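Visitor:
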Amino acid sequence: MIVRKTAAELEKMRRSGLLVWEVLQKTKELAVEGATTMDLEVAAEKMIADAGAKPAFKGYYVPAAGEAFKFVLCTSVNDEIVHGMPNLKRVLKKGDIVSIDTGVKLDGYYGDSAITVPIGEVSEQTKKLLQVTQESLELAIEKVRPGNRLFDVCGTVEKHVKGNGFSIVREYVGHGIGTQLHEEPQVPNYVDRKNENPKLKPGMVLAVEPMVNAGKPEAMVLKDKWTAVTRDGSYSAHFEHCIAVTENGPWVLTRP
Ligand code: MG
Ligand code: MG
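As structure tokens, then:
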């Protein structure tokens, strides 16, 4: 069942969304050559605590991993797609890209957003990867409006990414969000005809999160049980926003 939120609930989700945005702005500033991914984690954890919120990921149990995640951020560098873990030994270098993904729970409601940040100058191919992934999210956001269907959102990401010669990760998908971090519906970055194609209605909130590989689409999980990487070692980019369906169109909750 897809839970539709009231206007008052959306206002609460707006507050968690803006906190997530602030955390991503701060961690983006800190993501420079010579910093470690743990530097980002430490700053993010403090900001979330200072705001009186709870981290959404830290303590989140995932059956496939057989344990709970230990960090407030996922920091996924280069060929890491998602669920990378902050690490004191992971020093960011010029030419790297790092996906920073975080979520919070504030007053009972979740926010969830991700950005991918280049470290110094990156290759032309990598610049294009980041640009196309971000564009695919922006184009999909425009589809989050009453009368459209879920496949309009999924298909928009798919078309833009494939049309630019990149590939879409199939193992990980976006999701509904509200009082739970992951609610129905699943939001794949491609049209999955085996899934339902519900009509979008006011009050629904979708976390749309294209995960795009420069090379082939296949993913695998490292021995740490969390970090998803590209099988071919190609770089992967990830952007995410939470978007509410309103009578007036899309409302991106996770940016001002
Ligand atoms: Mg998400
Ligand atoms: Mg996320």
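Taking our numbering, the leading residue of the sequence shown gets 171, the next gets one more, and so forth. Just so it is clear, CB atoms sit at the ideal spot from N, CA and C, and this is done for glycine as well. These figures come from a predicted structure and were not determined experimentally.
1) Just mark Tyr231 as buried or exposed, buried being the case when its beta carbon has 16 or more other beta carbons within 10 Å.
2) Comparing alpha-carbon positions, which option in Ala219, Thr303 and Asp322 lies nearest Arg363?
3) Contact defined as beta carbons within less than 8 Å: I believe Lys395 pairs with Gly236. What is the distance between those atoms, to the nearest angstrom?
4) Give the DSSP bridge partners of Glu410, in chain order.
5) Residues in the same chain with beta-carbon distance under 7 Å from Gln295, minus the five sequence neighbours each way, listed in chain order, please.
6) Going by other Cβ atoms of all chains shown within 10 Å of its Cβ, with 16 needed for buried, is Ala414 buried or exposed?
7) With 16 other CB atoms within 10 Å as the buried threshold, where does Pro233 fall?
8) If you draw a straight line from the alpha carbon of Thr424 to that of Glu312, how long is it in whole angstroms?
9) For Gly344, count neighbouring Cβ atoms within 10 angstroms of its own Cβ and tell me buried if that reaches 16, exposed if not.
10) Under 5 Å from any heavy atom of ligand 2, by CB: list those residues in chain order, please.
11) Going by the C-beta, is Glu328 closer than 7 Å to any heavy atom of ligand 1?
12) Entirely within the stretch 193-280 and at least 3 residues each: give me those beta strand (DSSP E) ranges in chain order.
13) Taking the beta strand (DSSP E) that His345 belongs to, which residues open and close that run?
14) Counting only the same chain and skipping the five closest in sequence on each side, list residues whose C-beta sits under 6 Å from that of Arg319.
15) Does the beta-carbon of Lys297 have 16 or more other beta-carbons within 10 angstroms, so that it is buried, or is it exposed?
16) Count the other C-beta atoms from every protein chain shown that fall within 10 angstroms of the C-beta of Glu328, then say buried if there are 16 or more, exposed otherwise.
17) Ligand 1 and Gly222: does any heavy atom of the ligand fall closer than 7 Å to the residue's C-beta?
18) Quick test of the definition: if touching needs 3 or more C-beta pairs under 8 Å, does the stretch 372-383 touch the stretch 204-219?
19) With C-beta atoms as the reference, is Val190 less than 8 Å away from Gly281?
20) Would you mind working out which of Ala226, Lys259 and Arg185 sits nearest Thr206, comparing C-alpha positions?
21) Return the first residue and the last residue of the alpha helix (DSSP H) that Gln301 is part of.
22) Among the candidates Val247, Glu353, Thr349 and Phe336, whose CA atom is the shortest distance from the CA of Tyr135?
23) Applying the 10 Å Cβ sphere with the 16-neighbour rule, what's the burial state of Asp249?
24) Can you grab the Cα-Cα spacing for the pair Met390 / Val339, in whole Å?
25) Does ligand 1 have a heavy atom nearer than 7 Å to the CB of Glu379?
Guide: For this structure:
1) For the purposes of this step, residue 231 is taken as the residue at position 61 of the sequence shown. Label assigned to Tyr231: exposed.
2) Position 193 of the sequence shown holds residue 363. Comparing Cα-Cα distances from Arg363 to each of Ala219, Thr303 and Asp322, the minimum goes to Asp322.
3) Reading the sequence shown from its first residue, position 225 is the one you call residue 395. Reading the sequence shown from its first residue, position 66 is the one you call residue 236. That pair is a contact at about 7 Å.
4) Translated into the one-based positions of the sequence shown, residue 410 becomes position 240. Note: Glu410 sits in a beta bridge opposite Ala284.
5) For the purposes of this step, residue 295 is taken as residue 125 along the sequence shown, with counting starting at 1. The residues Ala384, in chain order, have a CB closer than 7 Å to that of Gln295 in the same chain once the five nearest residues on each side in sequence are set aside.
6) As a position in the sequence shown, residue 414 is number 244, starting the count at 1. The residue is buried, with at least 16 neighbouring Cβ atoms inside 10 Å.
7) Start at 1 with the first residue of the sequence shown, and residue 233 comes out as number 63. With a threshold of 16 other beta carbon atoms within 10 Å, Pro233 falls short and is exposed.
8) Residue mapping note: residue 424 aligns to position 254 of the sequence shown, counting from 1. Residue mapping note: residue 312 aligns to position 142 of the sequence shown, counting from 1. It is roughly 15 Å from the alpha-carbon of Thr424 to the alpha-carbon of Glu312.
9) Along the sequence shown, one-based indexing puts residue 344 at 174. When all chains shown are included, Gly344 counts as buried.
10) Qualifying residues, in the order they occur: Asp271, Asp282, Ala284 and Glu410.
11) Taking the first residue of the sequence shown as position 1, residue 328 is located at position 158. Distance from the C-beta of Glu328 to the nearest heavy atom of ligand 1 is not below 7 Å.
12) If only complete runs of 3 or more residues are kept, the stretch 193-280 shows the beta strand (DSSP E) at 243-247, 250-252 and 267-276, in order along the chain.
13) Along the sequence shown, one-based indexing puts residue 345 at 175. Here the beta strand (DSSP E) through His345 covers Gly344 to Gly346.
14) Here residue 319 refers to the residue found at position 149 of the sequence shown. Only residues of its own chain outside the window of five on either side were considered, and among them Asn367 and Lys369 have a CB closer than 6 Å to the CB of Arg319, listed in chain order.
15) On the sequence shown, position 127 is the one that residue 297 refers to. Taking every protein chain shown into account, the CB of Lys297 has fewer than 16 other CB atoms within 10 angstroms, so this residue is exposed.
16) In the sequence shown, counting from the first residue as 1, residue 328 sits at position 158. With 16 or more Cβ atoms within 10 Å of its Cβ, Glu328 is classed as buried.
17) Within the sequence shown, numbered from 1, the residue matching residue 222 stands at position 52. Taking 7 Å as the cut-off, the C-beta of Gly222 does not count as close to any heavy atom of ligand 1.
18) Result no; under three Cβ-Cβ pairs closer than 8 Å.
19) Here residue 190 refers to the residue found at position 20 when the sequence shown is read from its first residue. Here residue 281 refers to the residue found at position 111 when the sequence shown is read from its first residue. Contact flag set, yes.
20) In the sequence shown, counting from the first residue as 1, residue 206 sits at position 36. Nearest C-alpha to Thr206: Lys259.
21) By 1-based counting over the sequence shown, the position of residue 301 is 131. Here the alpha helix (DSSP H) through Gln301 covers Glu294 to Ile311.
22) It is not possible to answer for residue 135, since the shown part of the chain is limited to 171 through 426.
23) Numbered from 1 along the sequence shown, position 79 holds the residue referred to as residue 249. Around the Cβ of Asp249, a 10 Å sphere holds 16 or more other Cβ atoms; the residue is buried.
24) Along the sequence shown, one-based indexing puts residue 390 at 220. Along the sequence shown, one-based indexing puts residue 339 at 169. Between the alpha carbons of Met390 and Val339 lies a gap of roughly 10 Å.
25) For the purposes of this step, residue 379 is identified with residue 209 of the sequence shown, where counting begins at 1. Checking the Cβ of Glu379 against ligand 1 gives yes.
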